[in-house]
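Report on one structure; see the data block that follows.
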Amino acid sequence: MARIAILGRPNVGKSTLFNRFVGRKLAITDDRPGVTRDLRDGAGRLGDLRFDIVDTAGLEEASDDSLLARMRALSERAMHEADICLFVVDARAGVTPLDQQLADMLRRAGKPVLVLANKAEGRAGEAGVLDAYALGLGDVIAVSAEHGEGFDELRHALGPVLASVEPDPVPDMAAAEAPDPDEAELTAERPLRIAVLGRPNAGKSTLINAVLGE
Ligand code: GDP
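Numbering (numbering that gives the first Met the number 0), first residue to last: 0 to 213.
The structure is reproduced here in structure tokens:
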């Protein structure tokens, strides 16, 4: 199972996102002052995708001078152990110097990264989403972890990346009908079959004849 780490500076919405993936109530985040969590992990799901998800949140209560060093250490560990990183920025706050530092770290790690601009619901996040492109880590997916927006787009972006790090995933029988292994291989005896559909008189036969050159 592929392992995905959620990275980002404090307060960008990592825990809220984590809770979305593991399907827990939003209230689970521990708001007691002084509580610092270590890496939290759980069984994540997004549509038909399944993965292990790791949250690096929990450093908000650290004092300023120790925050950066500890965040770096925790993030580096999570990054090192992960197959894919979800780098979360706050679309409302825009990109900060701390975001830039984490982006540099991610670039050096050379792991697949998806940039999520969270808190993108409504218009307040629009500029921040564009800002996040300047991190130079590729496309930015606008999401709202709190309101559950942007997760279809995330699923579309994450699917191919997961497939690239997990070449032989275990099919999820509950989510999708398992493909018939006999039909998976294309051979001369079992070539690719394409159906042409359309209402009567739309030109299906003419199209097929044109493709066949008849
Ligand atoms: P973390 O420190 O990165 O784990 O951030 P949290 O998940 O604890 O969220 C920090 C704050 O941002 C909390 O007050 C959340 O309710 C809020 N938040 C999280 N996601 C969203 C979102 O999509 N939109 C808005 N407006 N606020 C959010």
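Don't be surprised by glycine CBs; every beta carbon is placed ideally from N, CA and C.
Is residue i near the ligand GDP, with its Cβ less than 8 angstroms from a heavy atom?
{"i": "residue 38", "result": "no"}
{"i": "residue 153", "result": "no"}
{"i": "residue 12", "result": "yes"}
{"i": "residue 91", "result": "yes"}
{"i": "residue 87", "result": "yes"}
{"i": "residue 16", "result": "yes"}
{"i": "residue 74", "result": "no"}
{"i": "residue 142", "result": "yes"}
{"i": "residue 98", "result": "no"}
{"i": "residue 120", "result": "yes"}
{"i": "residue 56", "result": "yes"}
{"i": "residue 7", "result": "yes"}
{"i": "residue 125", "result": "no"}
{"i": "residue 146", "result": "yes"}
{"i": "residue 208", "result": "no"}
{"i": "residue 117", "result": "yes"}
Where does residue i land, buried or exposed, given buried means 16+ other C-beta within 10 angstroms?
{"i": "residue 193", "result": "exposed"}
{"i": "residue 207", "result": "exposed"}
{"i": "residue 89", "result": "buried"}
{"i": "residue 196", "result": "exposed"}
{"i": "residue 0", "result": "exposed"}
{"i": "residue 162", "result": "exposed"}
{"i": "residue 15", "result": "buried"}
{"i": "residue 10", "result": "exposed"}
{"i": "residue 157", "result": "buried"}
{"i": "residue 200", "result": "exposed"}
{"i": "residue 49", "result": "buried"}
{"i": "residue 191", "result": "exposed"}
{"i": "residue 26", "result": "Note that residue 26 has pLDDT 41, beneath the 50 cutoff, so the model's placement of it is unreliable and the number below is only indicative. By the 10 Å Cβ count, residue 26 comes out exposed."}
{"i": "residue 127", "result": "buried"}
{"i": "residue 33", "result": "Summary for residue 33: the model assigns pLDDT 45, below 50, so the residue's position carries little reliability, and this model does not support an answer."}
{"i": "residue 81", "result": "buried"}
{"i": "residue 212", "result": "exposed"}
Between the C-alpha atoms of residue i and residue j, what's the straight-line distance to the nearest angstrom?
{"i": "residue 118", "j": "residue 186", "result": "48 angstroms"}
{"i": "residue 20", "j": "residue 74", "result": "19 angstroms"}
{"i": "residue 8", "j": "residue 102", "result": "11 angstroms"}
{"i": "residue 210", "j": "residue 202", "result": "12 angstroms"}
{"i": "residue 112", "j": "residue 188", "result": "41 angstroms"}
{"i": "residue 53", "j": "residue 134", "result": "22 angstroms"}
{"i": "residue 107", "j": "residue 47", "result": "31 angstroms"}
{"i": "residue 91", "j": "residue 164", "result": "32 angstroms"}
{"i": "residue 131", "j": "residue 99", "result": "10 angstroms"}
{"i": "residue 76", "j": "residue 140", "result": "24 angstroms"}
{"i": "residue 51", "j": "residue 39", "result": "11 angstroms"}
{"i": "residue 142", "j": "residue 65", "result": "30 angstroms"}
{"i": "residue 114", "j": "residue 45", "result": "16 angstroms"}
{"i": "residue 41", "j": "residue 56", "result": "14 angstroms"}
{"i": "residue 154", "j": "residue 147", "result": "12 angstroms"}
{"i": "residue 150", "j": "residue 198", "result": "34 angstroms"}
{"i": "residue 152", "j": "residue 18", "result": "18 angstroms"}
{"i": "residue 124", "j": "residue 205", "result": "49 angstroms"}
{"i": "residue 43", "j": "residue 96", "result": "30 angstroms"}
{"i": "residue 121", "j": "residue 110", "result": "31 angstroms"}
{"i": "residue 70", "j": "residue 138", "result": "24 angstroms"}
My understanding is that residue i touches residue j, with C-beta atoms under 8 angstroms, so please give their C-beta distance in whole angstroms.
{"i": "residue 94", "j": "residue 5", "result": "17 angstroms between Cβ atoms; not a contact."}
Item to check | 4-residue-minimum alpha helix (DSSP H) runs that sit fully inside the segment 90-177, ordered along the chain | outcome: 96-108, 125-132 and 150-164
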